[in-house]
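Colleague: This structure is in structure tokens; I'll ask about it shortly.
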């Protein structure tokens with residue numbers, strides 16, 4: 020596995036554990052996508068690994084270009100959703116987001132980022148946000164979700 024992806028996932032796993040509640044869990048992960056001719060073909064290859072009963076087209080992926088700032092704003096909403104995490108001092112929350120930003124920058128170099136909207140044909144999560152990065156060092160999917 021890619022050491023940068025592994026490092027970021029370890030960091031986000033710790034945040035997910037801190038956001039775990041009695042009746043729900045959090046999952047935050049970064050996945051390196053296979054190279055494809057297009058971002059959508061790379062996503063199709065990823066979606067094909069999630070279900071052998073439904074073709075990737077059934078996920079109805081739509082990409083909308085966005086900004087790194089929007090990714091960080093969305094990540095902050097997920098990382099600090101639990102009352103205990105939200106109660107952390109602002110300086111600590113800012114440090115968490117700075118580490119998140121630095122790890123992404125180190126892993127990707129220059130990148131363009133897209134918000135991914137899907138309509139999965141199977142249960143995927145209770146709620147989620149996803150972003151796809153088309154980066155200097157590869158293509159990546161950031162998945163932020165919770166489940167019951």
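In my numbering, the protein residues as written are 20 to 167. The beta carbon of each residue, even a glycine, is placed where N, CA and C say it ideally should be. A quick note: this is a predicted structure, and the numbers were derived from the prediction, not measured.
Which term fits residue 102, buried or exposed, when burial requires 16 or more other beta carbons within 10 angstroms of its beta carbon?
Modeller: Reading the chain shown from its first residue, position 83 is the one you call residue 102. Residue 102 comes out exposed.
Colleague: Have a look at 21, 82 and 66 and flag the residue whose alpha-carbon is nearest the alpha-carbon of residue 139.
Modeller: Here residue 139 corresponds to residue number 120 of the chain shown, with the count starting at 1. With distances taken between Cα atoms, residue 139 lies closest to 66.
Colleague: Given 8 Å as the limit, is there contact between the region 151-158 and the region 120-128, that is, 3 or more CB pairs closer than that?
Modeller: Cβ pair count under 8 Å is three or more, so yes.
Colleague: Thinking residue 158 and residue 27 are a contact (beta carbons under 8 Å), I'd like their distance in whole angstroms, please.
Modeller: Locating residue 158 in the chain shown gives position 139, counting from the first residue. Locating residue 27 in the chain shown gives position 8, counting from the first residue. Between residue 27 and residue 158 the Cβ distance is about 15 Å, and since that is not below 8 Å, they are no contact.
Colleague: Buried or exposed: residue 61, going by 16 or more other Cβ atoms within 10 Å of its Cβ?
Modeller: Working through the chain shown from its first residue, we reach residue 61 at position 42. Burial call: buried.
Colleague: Does DSSP put residue 81 in a helix, in a strand, or in coil?
Modeller: Position 62 of the chain shown, counted from the first residue, corresponds to residue 81. Three-state result, residue 81: strand.
Colleague: In chain order, what residues of the same chain have a beta carbon less than 7 Å from the beta carbon of residue 105, not counting five sequence neighbours either side?
Modeller: In the chain shown, residue 105 corresponds to position 86, counting from 1. Hits under 7 Å: 99.
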